[in-house]
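In the UniProt record's numbering, the protein residues as written are 10 to 346.
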Ligand code: FA5
């Protein structure tokens, strides 16, 4: 009788009603329980056990029916929904106009993930810098050509300028943080330069710095090689040339092997097989002093890479003007989810 009644039920409410008539206070089971009282002790045990089994079976049947009703309600809601959840994700993607991330964002995230995993902080600094942070503290004397009015956008007070590189963040970090520390800092920078396929006037750099005891060129090379191999590929080679930057001593330029032609020569690397990747070196004692650190106790290395050029190498972009050009034919080629 119960299985028949259950098969006719379609809603949770009528299921609970039926359940009450079996398992509720004045339900069928309760009547059996009453009968139990009038039995002889030897009959009581057997009858009681049978009652328990019956109760379990009945409860099971109700539970099963409840699950079936809930599932049916879900199916019904889904079939009325505006979304077709049975469609494959690729199909939806192809039909909709999907946004993507800018190549600068993509390489920045790769860099941040990698360096964060190696214990680096991610820092930023102001676009408008003062002469001290942008030049003097970085051991760039007043008569250095980098201070030439051609390169720097000065404010009329002749003290403030748009930062010409990401290195002033090194000074701010040394002033604010307690050593030892390590950070990278993605930054927009500005130079009064002629624009061509590899030069912009507003471009981007990523600075990196480690301050600790007994830092040497080998530590710098370890991190730079890790960066290059993790992001550009294990087969990418690096080459260190000596280079001059007033804020490092010794100073170097790091080249990477062209990952488009693998050294065979192509238009991207101008047939040299190598691409300039970043400036780097051991932090000059004068810079440590300007940052408030004692050079007899602390040492460090720093690097500064062209973030746009990094994205160009990573994605084989031939002209820097595409990067901020806002041409959708360019930017929609980069998809990442
Ligand atoms: C510097 O700006 C140093 N601050 C880098 C540094 C940091 C050296 C720490 C040592 C220690 P440089 O002027 O070479 O160095 O610029 C660094 C990178 O920025 C270049 O290798 C290049 O990739 C990129 N870059 C420079 N000028 C432009 C420009 N006009 N447009 C696009 N990228 C540029």
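Ideal Cβ positions, reconstructed from N, Cα and C, are used throughout, including at glycine. Computed from a predicted structure; not experimentally measured.
Judged by beta-carbon spacing, residue 301 lies within the 8 angstroms limit of residue 183, meaning their Cβ atoms are closer than that value. Between the ligand FA5 and residue 200, a heavy atom-to-CB distance of less than 7 angstroms is present.
Going by beta carbons, residue 259 and residue 291 fall inside the 8 angstroms limit. Within the chosen limit of 7 angstroms, the ligand FA5 does not reach the beta carbon of residue 132 with any heavy atom. Distances taken from the Cβ of residue 273 to the heavy atoms of the ligand FA5 include none shorter than 7 angstroms.
According to DSSP, residue 216 shares a beta bridge with 194, 313.
Relative to the non-hydrogen atoms of the ligand FA5, the Cβ of residue 113 never comes closer than 7 angstroms to any of them. Here the segment 212 to 227 makes contact with the segment 190 to 197; the two share three or more CB pairs at distances below 8 angstroms.
Residue environment analysis places residue 338 among the exposed positions, since fewer than 16 neighbouring C-beta atoms fall within 10 angstroms of its C-beta. The beta carbons of residue 199 and residue 206 sit no closer together than 8 angstroms. For residue 205, the three-state secondary structure derived from DSSP is strand. DSSP places residue 118 inside the alpha helix (DSSP H), whose first and last residues are 112 to 126. In the three-state reduction of the DSSP assignment, residue 236 falls in the helix class, which pools H, G and I. For residue 343, the CB contacts under 6 angstroms within the same chain, skipping 5 residues up- and downstream, are 109, 112 in chain order. Remark: the shortest separation between the CB of residue 170 and any heavy atom of the ligand FA5 does not fall under 7 angstroms.
Two segments are said to touch when three or more pairs of C-beta atoms, one from each, lie closer than 8 angstroms; by this definition the segment 71 to 79 does not touch the segment 34 to 43. Between residue 121 and residue 179, the C-beta spacing is not below 8 angstroms.
In this structure, the ligand FA5 has a non-hydrogen atom nearer than 7 angstroms to the beta-carbon of residue 329. Contact check for residue 314 against residue 214 passes: the beta carbons are separated by less than 8 angstroms. The closest heavy atom of the ligand FA5 lies less than 7 angstroms from the beta carbon of residue 257. Distance from the C-beta of residue 118 to the nearest heavy atom of the ligand FA5 is not below 7 angstroms.
By DSSP's assignment, residue 12 forms no beta bridge with any residue.
Note on geometry: alpha-carbon atoms of residue 295 and residue 146 lie some 8 angstroms from one another. For the segment 231 to 296, the continuous beta strand (DSSP E) assignments of 3+ residues that do not extend past its boundaries occur at 247 to 251, 257 to 266, 283 to 292, in sequence order. If you draw a straight line from the Cα of residue 328 to the Cα of residue 242, it comes to about 22 angstroms.
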